[in-house]
Amino acid sequence: MEKGVSFLQPVLPLESIAALPGNYARAANRWFLAVFVFFTLVFSEDEVEITANPSKMAYAPSDTVIIALKVHLPPEYVLYGNPKGPGVGRPVAISIACDDPGVRWLAVKKLKAEKYGPSFGEWVWVYRNETFFFCTGVIASEYNGENQTCKGSIIFEGLLCRDACRMLVKLVPFLFTIAVKDRAADRFGAFADIQPKYKSAAWMMDLQPVPEKYGSDKEPLHDTRLRWKRLLD
Numbered sequence: 019m020e021k022g023v024s025f026l027q028p029v030l031p032l033e034s035i036a037a038l039p040g041n042y043a044r045a046a047n048r049w050f051l052a053v054f055v056f057f058t059l060v061f062s063e064d065e066v067e068i069t070a071n072p073s074k075m076a077y078a079p080s081d082t083v084i085i086a087l088k089v090h091l092p093p094e095y096v097l098y099g100n101p102k103g104p105g106v107g108r109p110v111a112i113s114i115a116c117d118d119p120g121v122r123w124l125a126v127k128k129l130k131a132e133k134y135g136p137s138f139g140e141w142v143w144v145y146r147n148e149t150f151f152f153c154t155g156v157i158a159s160e161y162n163g164e165n166q167t168c169k170g171s172i173i174f175e176g177l178l179c180r181d182a183c184r185m186l187v188k189l190v191p192f193l194f195t196i197a198v199k200d201r202a203a204d205r206f207g208a209f210a211d212i213q214p215k216y217k218s219a220a221w222m223m224d225l226q227p228v229p230e231k232y233g234s235d236k237e238p239l240h241d242t243r244l245r246w247k248r249l250l251d
């Protein structure tokens, strides 16, 4: 089981603030920073836990790869779904940073979301408490290389809301082996909470391209203070 590393980002149009006249921009920056500090104090990143579990530890050519993402949310918070519905907000996005040519990533299976009426605007699709996403792919049938380890990261970007909303970005590592001859047993059966959720995951969403900000090393900018310093200069 792999646990992700995360950082929180404010969901506000920084470009719009930068375009304001001097006095207004400085005032908006100070207010924005106060909001950021407030939510940093009352919201712990550790309250959002995302773990990755491959369905097998070793796959053979032509096998279907399934990586289960278990998302645990803080009490009273909701995670916007994808699609999000007619309301204002940002849908959850999942991308996979993995350069192994032996794997072709396909899509994400998901559980059914529920309707939620925020304090303003129209309703949105959301998840509460805990949900699962299943990233699927396939090992190339013509793969004939040596047994090798496939190591990558799933980039999870979602909007968390309670009285206000914040963006969460988590980098969730995963690991499995591509074995030319030997197939491993299915692991989902060993997790009582995963197997039934996978069977009921009848909805699909697209995988997103890996964001450019993660660069060639697939690491995000964890230190948000650098972003704030540029904003306040």
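Residue numbers (my numbering): 19 to 251. Each residue gets a CB set at the ideal place from its N, CA and C atoms; glycine is no exception.
* Asked: Since S171 sits in a beta bridge, which residues does DSSP pair it with?
  -> A115, P191
* Check E65 in the structure and name its three-state DSSP category. => helix
* Coil, strand or helix - F206 by DSSP -> helix
* P92 - DSSP class collapsed to helix/strand/coil -> coil
* Given 8 Å as the limit, is there contact between the segment 65 to 80 and the segment 98 to 109, that is, 3 or more CB pairs closer than that? -> no
* Would you be able to state if there are at least three C-beta pairs under 8 Å between the segment 87 to 98 and the segment 140 to 152? => yes
* What number of angstroms, rounded off, separates the C-alpha of D211 from the C-alpha of Y95? -> 21 Å
* Would a C-beta distance cut-off of 9 Å place K128 and W141 closer than the cut-off? -> no
* To do: Could you check the C-alpha separation between T82 and V121 for me, to the nearest Å?
  => 9 Å
* **Rounded straight-line distance, which links the Cα of L225 to that of C179** => 23 Å
* Are A219 and F152 close, meaning C-beta to C-beta below 9 Å? -> yes
* Apart from the five residues just before and just after M222, which ones in its own chain have a Cβ nearer than 8 Å to its Cβ? -> A125, V126, K127, K128
* **heavy atom of the ligand SAM below 8 Å from P119 C-beta** => Ligands are entirely absent from the displayed structure, and the ligand SAM is therefore not among its contents.
* If you draw a straight line from the C-alpha of Y216 to the C-alpha of D181, how long is it? -> 31 Å
* Asked: Just how far apart, CA to CA, sit L186 and L97?
  -> 10 Å
* Thinking C-beta only, is F209 closer than 9 Å to C168? -> no
* Asked: Quick one: what does DSSP say P72 is sitting in, helix, strand or coil?
  -> strand
* Asked: Among residues of its own chain, excluding the 5 on either side of R198, which ones have a beta-carbon nearer than 8 Å to its beta-carbon?
  -> Reading off the sequence shown, one finds Val at residue 198, where the question assumed Arg. Contacts found: A78, P79, Y161, N162, G163, E164, N165.
* Asked: What's the gap between the Cα of G99 and the Cα of A158?
  -> 31 Å
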